[in-house]
Amino acid sequence: DGGTGGDGWCDGMTSGRKYHGREEKKELAPEENKVRSSLHDVNMFFLYSDEWVKAGWGSIPLLRHMHQTGKLGPCGGFSDIGIVTATKHQEFSDTCMMTPVWLGRSTGLTGSRNPHETAEEIGFFFFFFF
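Going by this note's numbering, the sequence shown opens with residue 10, and the numbers climb by one from there.
1. Do you know whose CA, among G86, L118, R122, H74, lies nearest V51's CA?
2. What is the rounded straight-line gap between the Cα of H125 and the Cα of F54?
3. According to DSSP, what are the bridge partners of G82?
4. Hey, out of W66, G67, N123, I90, whose CA is closest to Q77's CA?
5. Residues in its own chain within less than 7 Å of H98 by CB, not counting five upstream and five downstream?
6. Please report how far the alpha carbon of G21 lies from the alpha carbon of S47, in whole angstroms.
Structure (C-alpha cells):
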C-alpha cells in the first residue's frame, strides 16, 4: 500500500509508473517525451495566519487532509502545514514590526500578539523547513 493507508498513492509518486495502484500504459509521442513534474514531486510548506484559518481562506482543510493522508508533497518527504496563532495576514511582512503596536492594533493590522514575536515564530517555521 506504499505506507499511506492502502490507496497506492506513494507507489505512483515514487515509481512514476503507477497511479492509485494502476499501471499507466500510455506511450508518449516524441514531443511529449519530456521531463514532467507535479505538485506531488516537491516538498512544500504552507504557513497561514490565524485570520485566514478563521475566515476559511487558503484551502486549509484540503491541505490538512492531504498532509494527514501523506498526499502533500512526495511520499516520505517533509512537506508540512502550519498556523501562527493570534495573527493577521499582514504580520507575514515586516510592515507590522515598523508600525507602532498601538496603531497596528487599533486599525486591525496586527493580532493580539507582539508583531516581533510572531515574526520570530514565522522565521523559525521557515528555518526549520528549509
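Glycine residues also receive a C-beta, built at the ideal position from the N, C-alpha and C atoms.
A quick look at the data gives this:
1. Sequence index remark: in the sequence shown, residue 51 carries index 42 (1-based). Cα-wise, what sits closest to V51 is G86.
2. To locate residue 125, count along the sequence shown from 1; it is residue 116. To locate residue 54, count along the sequence shown from 1; it is residue 45. Rounded to the nearest angstrom, the two C-alpha atoms are 22 Å apart.
3. In the sequence shown, residue 82 corresponds to position 73, counting from 1. In DSSP, G82 forms no bridge with anything.
4. Position 68 of the sequence shown, counting from 1, holds the residue named residue 77. It is I90.
5. Along the sequence shown, one-based indexing puts residue 98 at 89. Result list for H98: S58, E60, W61, in chain order.
6. Indexing the sequence shown from 1 puts residue 21 at position 12. Indexing the sequence shown from 1 puts residue 47 at position 38. Bear in mind that a pLDDT of 39 at G21, under 50, signals an unreliable position, so the number given afterwards is only what the model happens to contain. Taking the straight line from one Cα to the other gives about 12 Å.
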